[in-house]
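Residue numbers (this note's numbering), protein chains in the order written: chain A, 1224 to 1571; chain B, 1224 to 1571. Cβ coordinates follow ideal geometry from the N, Cα and C atoms, glycine included. The structure displayed is predicted, hence computed values, not measured ones. Below you'll find the structure, written out as structure tokens, and then a few comments.
Number of protein chains: 2
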Amino acid sequence: MRFDDRKKRILSAIVETYIRTGEPVGSKTLSEFPEISVSPATVRNEMAALFEMGLLEQPHTSAGRVPSHLGYRAYIDSLMRTKPLTEDEKDGIDALFNISDPDPDKLLADCAETLAEYTGCATVAMTTTPSYVTVEHIDIVPADATTVVLLVIASNGVVKSKVCRLGFRVNTGIADFFRKFAKDRFCGHTLKEISAEFVNAVSIQLGEYSGVFNPLIVGIYELCKEVYDGQYYLGGQEKLLTYNEYSDRALEIMKLISKREKLGPVIGNNPSGVTVFIGKENSLSQLSGSSLLVARFSIGENDCGTIGLIGPVRMDYSRLIPHLEYFAEKLGTLLSITYQRKTGDDNG
Amino acid sequence: MRFDDRKKRILSAIVETYIRTGEPVGSKTLSEFPEISVSPATVRNEMAALFEMGLLEQPHTSAGRVPSHLGYRAYIDSLMRTKPLTEDEKDGIDALFNISDPDPDKLLADCAETLAEYTGCATVAMTTTPSYVTVEHIDIVPADATTVVLLVIASNGVVKSKVCRLGFRVNTGIADFFRKFAKDRFCGHTLKEISAEFVNAVSIQLGEYSGVFNPLIVGIYELCKEVYDGQYYLGGQEKLLTYNEYSDRALEIMKLISKREKLGPVIGNNPSGVTVFIGKENSLSQLSGSSLLVARFSIGENDCGTIGLIGPVRMDYSRLIPHLEYFAEKLGTLLSITYQRKTGDDNG
DNA sequence: TGTTGGCACTCATAAGAGTTGAGTGCTAAG
DNA sequence: CTTAGCACTCAACTCTTATGAGTGCCAACA
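Spelled out as structure tokens, the structure:
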């Protein structure tokens, strides 16, 4: 059986109409489409053929047809016309970003929230740190009699700080001693290496002082871990409630996606560009009724994270794919500006 | 009509049974309670009286009775026997806290999440900063050629730091100059004073350098604002979905409570101890079907925030009130340890 | 050979009728 | 004051019937 042009037009019309209305599409409706214009009976013959080919499904005998996962796949891979963003839309998105906090931690959280607002889907934003990234610099700054600020700078330019309260007074001697000790032990090591065991070993080297300095060592460990683990933000989880596809499963899905260890592996290892998982195509059984759109973003050449959309299989791919693409690109650009480390020139 | 002892027992039984089952309570059920043991007809007479007094409602003629808001109020204020936490329960909660991050920012977020898990309600945790709190100390630490860490210490002991990336190289001279400038201008002022206008005025004093140093000034402003605004964390919003009371309003409620400017004023000005808002008693019309339990927590003598539960009016007050009380107390204790500033003695 | 009108068939959905049962209010007797 | 008895109410359930959107298949037509 040939997948000829008319079959393609009919499949496209079914997918697009179903996405729009959520109702199974019947032969009469389709026959009235200008790009089809044949009688309902003919459409029925074609639909029977598309059903044979596994591209359509039928909820029950006397209902219209609905795209199968294979049907969506064929539509997305070769039939769909994506609608590129208009300049106005781009400007709208840019404006949303301009007001957001330039702090990279918050940037990602804001991006997840904004993307959710813009697309009506639940979103996820995640960063990953390459395993070759090392600790470049460690500092300890006394803030107050018994409080210090710990500072870790990684070789990829990420800087994290943490307030650390101690049970004793910190004078410059103590600070200098610990600063040197920490630099010697941590700098140059990859973040990946700095495990709980590594930290234990370091702590032991402090001998009788290990108990005293332990909060600081742990603080450094936590900062390193924070940098290495990267971030994981969700946005607009409540959007799932607006789709009746999720009527009673919404809670389960919300719990699932809130766990990085579950969703991370699925969305974290994809090629650049937008990857689409339709229904069962992803490996999480609970998400078999959902589609995932994921896009990687990068700082310059360095791939550094993923943003994704989670919604019902019946989502408007042709609109959402270009949007997600633009968000990922924009996010990369903004992060690049933040992490531009070698600007060099003095302005003041 | 006297609100005699038997009426009280009947009202208590109705409230408790309705909270447990969610179904209107009938005279036959009640007559079988050992503490009532009169015939259904007698119970009906009493119920008619309680209805007259406005303490009960009837969903429809042939249904049992349900407590009115006034009925809940009477129950909570004078009839309810709260169930104090067992030592085991306390230990369980303590254990949950012990594993949590001692960083006060995270402590509050964890507390909200844990409390939600423990109670099955949506939760909110919020800190407030008294208006007399001032900026005590400001520092700027060069981290990297073009990156510095800003540090603000407030007089209530809160320390916040922020990584700030600049478009120019920072040498010690620049850092020293700016440190002195910022200390002179900000230290001693209350956080409340440090508004956008205040910051503009400060910026102008930098004259031709104001453009260059602006990111730093803004950074300080943001840190001060962050300290002054305090925190606002939600936990277990998805718990609302498990109550059929919220079948389709859950989304609306979730959106509402996510806005501090909406919920903050309602829960922020209550006396110490646990305050209960039953249904319409709070000023937000969207929350008329919900009850709020709020408790203040404090560091030593200083009141510093609120934690609260949001759930259906039909919630188990006798269990939840002591739990919330204990969480608030625990939170205060843990924060006190973190913010214990004058420990003084050297341990090392 | 592809297209179309006609027709019998299917089946989800909605509407109506009847039944059930939990619960009430009222009354009169204990 | 308490209680048994009784008629009444009404949501919820079941059963039946009607409706209509949509199908598959066949025969006729271009």
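Limits of the unbroken alpha helix (DSSP H) element including residue i
i       : result
A:M1477 : 1473-1480
B:K1383 : Segment 1382-1388 is the beta strand (DSSP E) holding B:K1383; no alpha helix (DSSP H) there.
B:P1488 : 1483-1491
A:Y1432 : Counting along the chain, A:Y1432 falls outside any alpha helix (DSSP H), and DSSP gives it neither H nor E.
B:R1542 : 1540-1561
Beta-carbon proximity of residue i to residue j, cut-off 8 Å
i       : j       : result
A:L1463 : B:L1464 : no
B:A1419 : A:V1382 : no
A:L1533 : A:A1345 : One point to set straight first is that residue 1533 of chain A is Ile, not Leu, in the sequence displayed. Their beta carbons are under 8 Å apart, which means A:I1533 touches A:A1345 by this criterion.
B:M1477 : B:Q1460 : yes
A:Y1341 : A:P1290 : no
A:I1363 : A:F1401 : yes
A:P1545 : A:L1302 : no
B:L1446 : B:K1385 : yes
A:V1266 : A:S1250 : yes
A:V1356 : A:L1429 : no
B:L1507 : B:L1479 : yes
B:K1306 : B:Y1549 : no
B:V1358 : B:G1411 : yes
A:I1490 : A:G1555 : no
A:G1458 : A:A1339 : yes
Length of the line joining the Cα atoms of residue i and residue j
i       : j       : result
B:M1538 : A:R1232 : 55 Å
A:F1256 : A:R1288 : 16 Å
B:N1467 : A:D1227 : 50 Å
B:K1565 : A:Y1444 : Note that B:K1565 has pLDDT 38, beneath the 50 cutoff, so the model's placement of it is unreliable and the number below is only indicative. Roughly 27 Å separates the two Cα atoms.
B:S1481 : A:G1343 : 17 Å
B:A1297 : B:V1248 : 18 Å
B:T1529 : B:V1450 : 16 Å
A:D1569 : B:G1390 : In this prediction, A:D1569 has a pLDDT of 35, which is less than 50 and means its spatial position is unreliable; what the coordinates show is noted afterwards. So the two alpha carbons sit approximately 7 Å from each other.
B:E1269 : B:D1311 : 40 Å
B:T1350 : A:V1238 : 50 Å
A:A1272 : A:T1252 : 18 Å
B:L1510 : B:P1535 : 9 Å
B:S1521 : B:K1329 : 17 Å
B:I1299 : B:S1514 : 12 Å
A:Q1281 : A:I1501 : 18 Å
A:G1567 : B:V1441 : Here the model assigns A:G1567 a pLDDT of 33, short of 50, so the residue's position is not dependable, and the following value carries that caveat. Distance between the alpha carbons of A:G1567 and B:V1441: 22 Å.
A:Y1540 : A:T1395 : 60 Å
B:D1317 : B:L1557 : 10 Å
B:F1409 : B:E1416 : 10 Å
A:L1497 : B:N1525 : Reading off the sequence shown, one finds Val at residue 1497 of chain A, where the question assumed Leu. Rounded to the nearest angstrom, the two C-alpha atoms are 52 Å apart.
B:A1377 : B:G1523 : 17 Å
A:F1421 : B:L1319 : 26 Å
A:K1230 : A:Y1295 : 14 Å
A:K1448 : B:R1304 : 47 Å
A:A1518 : A:S1495 : 7 Å
A:G1571 : A:Y1432 : Only weak support exists for where A:G1571 lies, its pLDDT of 29 falling under 50; the coordinates are left without a value.
B:S1470 : A:S1470 : 10 Å
A:V1574 : A:N1493 : Here chain A comprises residues numbered 1224 to 1571, so residue 1574 of chain A is not present and cannot be evaluated.
First through last residue of the beta strand (DSSP E) which encompasses residue i
i       : result
B:I1237 : Unbroken run through B:I1237 is the alpha helix (DSSP H), 1228-1244; no beta strand (DSSP E).
B:L1374 : 1370-1377
B:T1529 : 1525-1535
B:P1282 : Segment: none, B:P1282 is in no beta strand (DSSP E) and carries neither H nor E.
A:V1598 : Nothing can be reported for residue 1598 of chain A, as the shown portion of chain A is limited to 1224 through 1571.
A:V1497 : 1497-1500
B:M1349 : 1345-1350
A:D1367 : 1358-1367
B:I1299 : Careful: B:I1299 lies outside any beta strand (DSSP E) and carries neither H nor E.
Chain A contact residues for residue i, given Cβ-Cβ distances below 9 Å
i       : result
B:V1364 : D1362, V1364, V1372, L1374, S1384
Neighbouring residues, chain B, relative to residue i (Cβ below 7 Å)
i       : result
A:A1473 : L1464
Closer than 8 Å at the beta carbon, the chain B residues around residue i
i       : result
A:D1452 : Residues of chain B passing the Cβ test: none, with the nearest at roughly 14 Å.
A:T1561 : R1388
Heavy atom of the ligand COA within 7 Å of residue i beta-carbon
i       : result
B:V1364 : No copy of the ligand COA occurs in the structure displayed, which carries no ligand at all.
Listed by chain order, chain B residues near residue i by CB distance under 9 Å
i       : result
A:K1478 : E1461
A:D1367 : E1359, H1360, I1376, G1380, V1382, R1564
Residue i: contacting residues in chain A (beta-carbon distance under 7 Å)
i       : result
B:N1407 : Here the sequence assigns Asp to residue 1407 of chain B, which means Asn is not the residue at that position. Those within 7 Å of B:D1407 in chain A number zero; the least Cβ separation is about 19 Å.
Can you list the alpha helix (DSSP H) stretches of 4 or more residues lying completely in the stretch 1301-1329 of chain A, in chain order?
The qualifying runs are 1310-1321.
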